[in-house]
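Structure first, commentary second.
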Amino acid sequence: MSDNVAKYVYWIATGLVALVYLGAAAFYISSHDMVAGMYREVLGYPTYIIWPLAILKIVGAVVILWRPSAVLADWAYAAMFWHLVLAFGAHVGAGDPGWPPALATWVLLIVSWLTANRVRAVKSAYAPAVPAAPT
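Mapped onto this note's numbering, the consecutive letters of the sequence shown carry residue numbers 752 to 886.
Have a look at this one:
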C-alpha cells in the first residue's frame with residue numbers, strides 16, 4: 752500500500768470511528784431517557800453508566816484524532832476495542848438487532864490502529880511498524 756493510500760485509509764477509518772463515538776455521545780446526552788430505557792429494559796444494564804460513557808466516548812474520539820501522546824492513544828484504542836467487543840456481545844446476548852454498528856466500528860478501529868504508525872508523527876510502540884512504500 753502506498754503512503755498516499757495509507758493516509759486515506761487511516762483518516763477515513765479514524766474519522767468514521769470518531770464520528771460514531773461522537774454521534775453516540777451526542778445521542779446519549781440528547782436522548783438520555785430513551786437510552787436509559789434501552790439500557791434498563793433491553794440490555795439489563797444500570798442507567799448510571801450512561802453519563803460516564805458519553806463523556807468517555809467524547810474523550811476517546813478526541814484522543815484518537817488529536818493523538819497527544821502514543822501512550823494515551825494506545826489506551827484510547829484499547830478502551831474502544833474492548834468497548835466495541837462488549838457492546839457487540841451485549842446486543843447479541845440480549846437478542847437486540849443493534850450489533851452491526853458495533854462490529855463495523857470495531858473493524859474500522861482495527862484498520863485505524865494498524866495504519867496509525869504509518870501516517871502519524873506520534874508512533875505507538877505496540878502498533879505494527881510498517882515501512883514506507885518504495886518510491
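Think of the CB as a built atom: it goes at the ideal place given N, C-alpha and C, for glycine as much as any other residue.
According to DSSP, is Gly766 part of a helix, a strand, or is it coil?
helix
If you drop the 5 nearest sequence neighbours on each side, which residues of the same chain put their C-beta closer than 7 Å to that of Val870?
Ala757, Lys758, Tyr761
If we require 3 or more residues per run, which beta strand (DSSP E) segments fall completely within the stretch 805-838?
none
Measuring only the C-alpha atoms, how far is Tyr772 from Leu835?
10 Å
I'd like to know if the stretch 797-810 and the stretch 765-779 are in contact, where contact means that at least 3 CB-CB pairs between them fall below 8 Å.
yes
Ignore the nearest five residues each way along the sequence and tell me which others in Asp868's own chain have a CB closer than 8 Å to its CB.
According to the sequence displayed, residue 868 carries Asn and not Asp. Taken in chain order, the residues that qualify are Lys874, Ser875, Ala878, Pro879, Ala880, Val881.
What residue range is occupied by the uninterrupted alpha helix (DSSP H) comprising Gly788?
783-788
Mark Trp864 as exposed unless 16 or more other C-beta atoms lie within 10 angstroms of its C-beta, in which case mark it buried.
buried
Quick one: grab the DSSP three-state call for Arg869.
helix
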